[in-house]
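Each protein sequence line maps, in turn, to chains A and B.
Note that the numbering used here gives residue 51 to position 51 of the first sequence, counting from 1, and the numbers run on in steps of one.
Note that the numbering used here gives residue 1301 to position 301 of the second sequence, counting from 1, and the numbers run on in steps of one.
Here a beta-carbon is modelled for each residue, glycine too, at the ideal position from N, C-alpha and C.
Computed from a predicted structure; not experimentally measured.
Following: one structure in structure tokens, then a few remarks.
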Amino acid sequence: MSEIARQQPGLSAPRVPIGRLLLNYALQYGIYLVFIVLCVGVAIASPVFLTARNLNNILLQTSAVGIVAVGMTFVIIARGIDVSVGAIVALASAVAVTAIKLNGAAWWVGLLLMFAVALVVGVVNGFSSAYLFMPPFLVTLATLTVGRGLVLAISQGTNYWGLPSFYENLGLGTLGPIPIPVIIMLVSFLVGHLLLKHTVFGRQVYAVGGNPEAARVSGINVERITMLTFVIVGLFSGLSCLVLTSRLNSFTPSMGTGFEFAAIAAVVIGGTSLMGGEGNIGGTLIGVLIMGVINNALNLLGVSVYYQDVIRGGIIFLAVMIDALRNRYAQAID
Amino acid sequence: MTSTTPQTPLLEARDISKQYPGVVALDAVSFTLHQGEIRALVGENGAGKSTFVNVIGGVVRPDSGSLYWMDNEVHINSPRDASQLGIAIVHQELSLFPNLDIASNLFISSLRQGRSPLVPDRQLRQRAEAILERVGLGHISPRRKAGSLQPGEQQLVEIGRSIVQDARLIVLDEPTSSLAEKEIQTLFRIVRDLRDQGVSIIFVTHRLDEVFEICTNVTVFRDGCHIDTVPTGQINTSGLVHMILGRQIREMYEVRETYTPGPELLRVDDLWQQPKLKGLGFSLHQGEILGIAGLLGSGRSEMVRAIFGLSRPERGSITLKGRPVTLRSPQQAIRHGIGYITEDRHKEGLVLSKPIKDNIVMAYLKGVATRWGWMRPAREREAAQRQKLNLNIITPSIERRVKFLSGGNQQKVVLGKWLETKPDIFIMDEPTRGIDVGAKAEFYRIITDLAASGAGILLISSELQEIVSICHRVLVLRSGRFVAEFAGEQINAADILIAMTGEDHE
Chain A
1 MSEIARQQPG
11 LSAPRVPIGR
21 LLLNYALQYG
31 IYLVFIVLCV
41 GVAIASPVFL
51 TARNLNNILL
61 QTSAVGIVAV
71 GMTFVIIARG
81 IDVSVGAIVA
91 LASAVAVTAI
101 KLNGAAWWVG
111 LLLMFAVALV
121 VGVVNGFSSA
131 YLFMPPFLVT
141 LATLTVGRGL
151 VLAISQGTNY
161 WGLPSFYENL
171 GLGTLGPIPI
181 PVIIMLVSFL
191 VGHLLLKHTV
201 FGRQVYAVGG
211 NPEAARVSGI
221 NVERITMLTF
231 VIVGLFSGLS
241 CLVLTSRLNS
251 FTPSMGTGFE
261 FAAIAAVVIG
271 GTSLMGGEGN
281 IGGTLIGVLI
291 MGVINNALNL
301 LGVSVYYQDV
311 IRGGIIFLAV
321 MIDALRNRYA
331 QAID
Chain B
1001 MTSTTPQTPL
1011 LEARDISKQY
1021 PGVVALDAVS
1031 FTLHQGEIRA
1041 LVGENGAGKS
1051 TFVNVIGGVV
1061 RPDSGSLYWM
1071 DNEVHINSPR
1081 DASQLGIAIV
1091 HQELSLFPNL
1101 DIASNLFISS
1111 LRQGRSPLVP
1121 DRQLRQRAEA
1131 ILERVGLGHI
1141 SPRRKAGSLQ
1151 PGEQQLVEIG
1161 RSIVQDARLI
1171 VLDEPTSSLA
1181 EKEIQTLFRI
1191 VRDLRDQGVS
1201 IIFVTHRLDE
1211 VFEICTNVTV
1221 FRDGCHIDTV
1231 PTGQINTSGL
1241 VHMILGRQIR
1251 EMYEVRETYT
1261 PGPELLRVDD
1271 LWQQPKLKGL
1281 GFSLHQGEIL
1291 GIAGLLGSGR
1301 SEMVRAIFGL
1311 SRPERGSITL
1321 KGRPVTLRSP
1331 QQAIRHGIGY
1341 ITEDRHKEGL
1351 VLSKPIKDNI
1361 VMAYLKGVAT
1371 RWGWMRPARE
1381 REAAQRQKLN
1391 LNIITPSIER
1401 RVKFLSGGNQ
1411 QKVVLGKWLE
1421 TKPDIFIMDE
1431 PTRGIDVGAK
1441 AEFYRIITDL
1451 AASGAGILLI
1461 SSELQEIVSI
1471 CHRVLVLRSG
1481 RFVAEFAGEQ
1491 INAADILIAM
1501 TGEDHE
């Protein structure tokens, strides 16, 4: 066949205008730049920012949302979305804590209950989305509502303080200088990264998100992969619940409120496309950190609570805009 | 408006250039088209045909050069400008609104008549009926949703839309690639009608036989340059191929090799799936290229989808190497050694946003991973590199995302993906659709080589020349039944065409 082989025009050493190239890199890697500029800016504005205690604090406060964001990355890459994660956190906590406080269950029973609840909701979300072809946004909106309702029904709307020492140790303990919740978050990111980048399953998630029909013809069980991504985000929500409940050493009905949007925002800021098929866990980590630094800066700089949401919303708007621009101007410069 | 004589060109392009990063898509192209002319525009993929069409259609703005419409210089900055001049482009990818009915699709840019804010449904419907009659779809109600039509019928509706717009120039971008032979004849009849009414046609195509059948003149593009324009009467196929490729190739297609049937690989009996499949049965042998010829809608794709486990037949049995099997999913089919090159590589063949490497290992991830599902990057690269060399995929790197490859190279990635699963049965549904002449010849070579090495190949094609050139045996499918079989020297285009269209043999 070499007889017919010809060099095609334009495939060797493409010459891209320099401005175009810069725009492309800015869109591709701009988020890291934003992160650095943000940190430098906040450090200049507030001397407290770079203290070890404050940095630890940022990580500690992002840990619960960060863990959820790991799972959310899987779902979004596979073209799904899960808005029920905050409700999963609250429901798992409600079931576990009331079992411990009202029924005298052992700490490990509580632990098992947390993950069982998270798993069940994840399976319901996944099964409905994958096998019943229901739109994931609406499915999880429904489970969000049901979940929040169940939280109030189970807890009767009251708070519970004081958990067995296992939770307190986990929530307040440190490993060297680093709080255990932060360690759990970082391990979650590592596990998520390995799973997504280095396993057959991860490859299948990308294939399903990139082109479900092609994935199906290539022998990938599209329904099973879709379902598994929801189970994964469910389980990470269970883990997040463990971290949050332990850190607060209590249950409150409003736990996990807004987690869904914080997690989705972090994932999108980190460069994962809502169209599916594109994204990575490293980006999500940066997204989580950016959100964390912004929240921290807003407090350090004493910005009114009323305006904090305005700023957060603005950041999300910008991230989505960058995503849209990136999709539009994507060029062949591999 | 200037009055036109046959001497005044309808459209003239002077020194049109367009550069993309790394590619000169058009290099000072000049082009003249007269009224009532049917002009073929041919060239390999990447020759600049599509860019040129997009310039005329206002989709792409040229870097330099000028356009003249009936001797007046014009700037076509948007598709709207083009359609106001009277230029209509029927793209390869159909652009109808599947959720709207045919009448709305035809009049989408002129739904409002006069001052009334209401859409005059009844009036539009009557006008739509007249238009449908003109494009050979008189039997179809204008109330039907456009999405419920066959691709060929949709194409005709698009041509109807250009008639509504009163187009003076209609560009048909590979109009026949989704059509079966009979529909092509309908299309040609309509094109000739339009010409007789003074409409000019630019016919972009990969099928050279059509150039001679319908076009007055043929323009050849190569590497972004206008090579030549000649009357079709003054050139033959090999001359044209020479102009397209820039050098002589000895024969266009591989000649059918002699073949002695090996043992049976695949046997299908009594396959039913209403309303498309009505009791199909055939067998495929080792080393055999079995062609399936049939018009669009004859059940070709439905048959292979049922065999590959993508749909459930109501009845029927499949026997692989003498053992009866049930294939309920593509996974099972792949495990049994079947590979399936789908009809539409963008829709079902590739993940366009992913690199060549990821696409090539996609159907056989197990082969490049450990037992515990851990990817082995070295193995992965090896596999991609192997197929790149094996199939001569032209790319600077296996990391290049597939969407930036030409059609022929994309199709090679699809084939490479299946070769990695080491199948002994290949189902190929229109494997050479929309790829250039050179890449086609390569594909025929590869297909015959696969068969020679012992694979069985089920080749579904709407290009008769392809079927006739490389198949050892041909089955003709019509309305869900096999109606004729030809083997070896009996295989000829005329008989197959007659069997396909269901006309009586005289």
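Can you look up D1121 of chain B in the DSSP assignment and give me helix, strand or coil?
Mapped onto the second sequence, residue 1121 of chain B falls at position 121. Helix at D1121 of chain B.
Give the residues from the region 198-218 of chain A that approach chain B closer than 8 Å (Cβ to any Cβ), ordered along the chain. H198, T199, V200, F201, G202, R203, Q204, Y206, A207, G210, N211, E213, A214, A215, R216, V217, S218
Host alpha helix (DSSP H) of R1312 of chain B (start-end) | In the second sequence, the residue the question calls residue 1312 of chain B occupies position 312. Counting along the chain, R1312 of chain B falls outside any alpha helix (DSSP H), and DSSP gives it neither H nor E.
Quiz item: Is there a Cβ from chain A that is less than 8 Å from the Cβ of A1378 of chain B?
Solution: On the second sequence, residue 1378 of chain B is found 378 positions in, with the first residue counted as 1. A1378 of chain B does not count as touching chain A.
| message | Quick check on I1394 of chain B: does DSSP put it in helix, strand or coil? | response | Residue mapping note: residue 1394 of chain B aligns to position 394 of the second sequence, counting from 1. Three-state DSSP puts I1394 of chain B in coil, outside helix and strand.
message: Using C-beta distances below 8 Å, list every residue in its chain close to E1254 of chain B, excluding the 5 sequence neighbours before and after it, in chain order.
response: Walking along the second sequence from the start, residue 1254 of chain B turns up at place 254. In this predicted model, E1254 of chain B has a pLDDT of only 48, less than 50, meaning its place in the structure is not dependable; the value taken from the coordinates is given anyway. Contacts found: A1441, Y1444, R1445, T1448, S1469, I1470.
Short Cβ contact (8 Å threshold) for L1240 of chain B with L1459 of chain B
Reading the second sequence from its first residue, position 240 is the one you call residue 1240 of chain B. Reading the second sequence from its first residue, position 459 is the one you call residue 1459 of chain B. Not in contact: L1240 of chain B and L1459 of chain B (Cβ atoms no closer than 8 Å).
Classify K1388 of chain B as helix, strand or coil using the three-state DSSP reduction.
The sequence position of residue 1388 of chain B within the second sequence is 388, counting from 1. Helix at K1388 of chain B.
Check: How about G277 of chain A: is its C-beta nearer than 8 Å to some C-beta of chain B?
Finding: For the purposes of this step, residue 277 of chain A is identified with residue 277 of the first sequence, where counting begins at 1. So, interface residue.
Report task. Could you check what DSSP says for H1226 of chain B in three-state terms: helix, strand or coil? Result -> Indexing the second sequence from 1 puts residue 1226 of chain B at position 226. Here H1226 of chain B sits in strand by DSSP.
Cβ-based neighbour list, I1249 of chain B, same chain, cut-off 6 Å, excluding 5 preceding and 5 following:
Taking the first residue of the second sequence as position 1, residue 1249 of chain B is located at position 249. Reliability fails at I1249 of chain B, whose pLDDT of 38 lies under 50, so the model's placement of it is uncertain and no value is given.
Check your understanding: Given E1485 of chain B, which residues of its chain have a CB within under 8 Å of its CB, disregarding the five upstream and five downstream residues?
Key -> Counting from 1 along the second sequence, the entry for residue 1485 of chain B is found at position 485. The answer, listed in chain order, is R1473, V1474, L1475, V1476.
Query raised in the report: Where T174 of chain A and I36 of chain A are concerned, what is the direct C-alpha to C-alpha distance, given to the nearest angstrom?
Result: By 1-based counting over the first sequence, the position of residue 174 of chain A is 174. By 1-based counting over the first sequence, the position of residue 36 of chain A is 36. Between T174 of chain A and I36 of chain A, the C-alpha separation is close to 27 Å.
field: A13 of chain A, buried or exposed, once every other Cβ within 10 Å from all chains shown has been counted against 16
entry: The residue you call residue 13 of chain A lines up with position 13 of the first sequence. Residue placement at A13 of chain A is poorly supported in this model, since its pLDDT is 45, which falls under 50; the coordinates still yield a value, given next. Answer is exposed; the Cβ neighbour count stays below 16.
With a threshold of 8 Å between beta carbons, is A332 of chain A in contact with chain B?
Working through the first sequence from its first residue, we reach residue 332 of chain A at position 332. Caution applies to A332 of chain A, whose pLDDT of 45 falls short of 50 and renders its modelled position unreliable; the value that the coordinates give is listed next. It does: the Cβ of A332 of chain A has a partner Cβ on chain B nearer than 8 Å.
**Asked** What residue does the beta strand (DSSP E) around L1365 of chain B start on, and which one ends it?
**Response** Taking the first residue of the second sequence as position 1, residue 1365 of chain B is located at position 365. Careful: L1365 of chain B lies outside any beta strand (DSSP E) and carries neither H nor E.
**Asked** DSSP beta-bridge partners for V1220 of chain B?
**Response** Here residue 1220 of chain B is taken as the residue at index 220 of the second sequence, counted from 1. V1220 of chain B is bridged to B:V1042, B:D1228.
What whole-angstrom Cβ distance do N221 of chain A and Q1331 of chain B have, given they're in contact under 8 Å? Position 221 of the first sequence, counted from the start, is the residue given in the question as residue 221 of chain A. Position 331 of the second sequence, counted from the start, is the residue given in the question as residue 1331 of chain B. Their Cβ separation, rounded to whole angstroms, is 7 Å, which keeps N221 of chain A and Q1331 of chain B in contact under 8 Å.
*Tell me which same chain residues have a C-beta within less than 8 Å of the C-beta of I1190 of chain B, skipping the five on either side of it?*
Reading the second sequence from its first residue, position 190 is the one you call residue 1190 of chain B. The answer, listed in chain order, is R1134, V1135, G1136, L1156, I1159.
* Asked: Under a three-way DSSP split, which group does E1012 of chain B fall into?
  -> Start at 1 with the first residue of the second sequence, and residue 1012 of chain B comes out as number 12. If DSSP states are grouped into helix, strand and coil, E1012 of chain B belongs with the strands.
Query raised in the report: E1073 of chain B to V1230 of chain B, Cα distance in whole Å?
Result: What you label residue 1073 of chain B is simply residue 73 of the second sequence in a count that begins at 1. What you label residue 1230 of chain B is simply residue 230 of the second sequence in a count that begins at 1. Using only the alpha carbons, I get a separation of about 25 Å.
Open item on the list: Please identify the residue among A:V75, A:V85, A:A324, A:M321 whose C-alpha is closest to the C-alpha of G192 of chain A.
Closed with: In the first sequence, residue 192 of chain A corresponds to position 192, counting from 1. Selected option, being the one with the closest Cα: A:V75.
Review point. Is A1293 of chain B near M1428 of chain B, with beta carbons less than 8 Å apart?
Key: Indexing the second sequence from 1 puts residue 1293 of chain B at position 293. Indexing the second sequence from 1 puts residue 1428 of chain B at position 428. No, they are not a contact pair.
Since I1084 of chain B meets chain A, which of its residues come closer than 7 Å, beta carbon to beta carbon?
To locate residue 1084 of chain B, count along the second sequence from 1; it is residue 84. One detail in the question is off: residue 1084 of chain B reads as Gln in this sequence, not Ile. Residues of chain A passing the Cβ test: none, with the nearest at roughly 27 Å.
Exercise. How many Å lie between V1268 of chain B and L1320 of chain B at the Cα?
Worked result: The residue labelled residue 1268 of chain B in the question sits at position 268 within the second sequence. The residue labelled residue 1320 of chain B in the question sits at position 320 within the second sequence. Taking the straight line joining both Cα atoms gives about 9 Å.
Check: Under 8 Å Cβ-Cβ, which residues of chain B neighbour N221 of chain A?
Finding: Walking along the first sequence from the start, residue 221 of chain A turns up at place 221. Those are S1329, Q1331, listed as they occur along chain B.
C-beta atoms of A64 of chain A and L244 of chain A nearer than 8 Å: Here residue 64 of chain A is taken as the residue at index 64 of the first sequence, counted from 1. Here residue 244 of chain A is taken as the residue at index 244 of the first sequence, counted from 1. Their beta carbons are under 8 Å apart, which means A64 of chain A touches L244 of chain A by this criterion.
- Item | Reference V231 of chain A; option with closest CA among A:L59, A:L38, A:I81, A:C39 | As a first step, residue 231 of chain A must be located in the first sequence, where it is residue number 231. Closest option to V231 of chain A, Cα to Cα, is A:I81.
Burial state of I1016 of chain B (16 or more Cβ within 10 Å):
The residue labelled residue 1016 of chain B in the question sits at position 16 within the second sequence. Buried, because 16 or more other Cβ atoms sit within 10 Å of the Cβ of I1016 of chain B.
Just checking: is the beta-carbon of M1375 of chain B within a distance shorter than 8 Å of some beta-carbon in chain A? Numbered from 1 along the second sequence, position 375 holds the residue referred to as residue 1375 of chain B. So yes, M1375 of chain B belongs to the interface.
**Request:** Could you spell out where the alpha helix (DSSP H) holding L38 of chain A opens and where it closes?
**Result:** On the first sequence, position 38 is the one that residue 38 of chain A refers to. Its alpha helix (DSSP H) spans residues 18-45.
Report task. Tell me, please, whether the CB atom of V1476 of chain B is closer than 8 Å to any CB atom in chain A? Result -> Stepping through the second sequence from its first residue, residue 1476 of chain B is reached at position 476. Chain A contact via Cβ: absent.
Status (buried if at least 16 other CB within 10 Å, exposed otherwise) for D334 of chain A
Here residue 334 of chain A is taken as the residue at index 334 of the first sequence, counted from 1. Summary for D334 of chain A: the model assigns pLDDT 41, below 50, so the residue's position carries little reliability, and this model does not support an answer.
Q.
Taking a contact to mean a Cβ-Cβ separation below 8 Å, would you say L119 of chain A touches L235 of chain A in this structure?
A. Counted from its first residue, the first sequence places residue 119 of chain A at position 119. Counted from its first residue, the first sequence places residue 235 of chain A at position 235. Yes, Cβ-Cβ distance for L119 of chain A and L235 of chain A is below 8 Å.
Q) For the putative contact between G1408 of chain B and I1435 of chain B, defined by C-beta atoms under 8 Å, what is the C-beta separation to the nearest angstrom? A) Along the second sequence, one-based indexing puts residue 1408 of chain B at 408. Along the second sequence, one-based indexing puts residue 1435 of chain B at 435. Right, the Cβ-Cβ distance comes to about 4 Å (below 8 Å), so this counts as a contact.
Distance check for P1313 of chain B and A319 of chain A, CA to CA, integer angstroms please. For the purposes of this step, residue 319 of chain A is taken as residue 319 along the first sequence, with counting starting at 1. For the purposes of this step, residue 1313 of chain B is taken as residue 313 along the second sequence, with counting starting at 1. Each residue's Cα considered, the two are about 48 Å apart.
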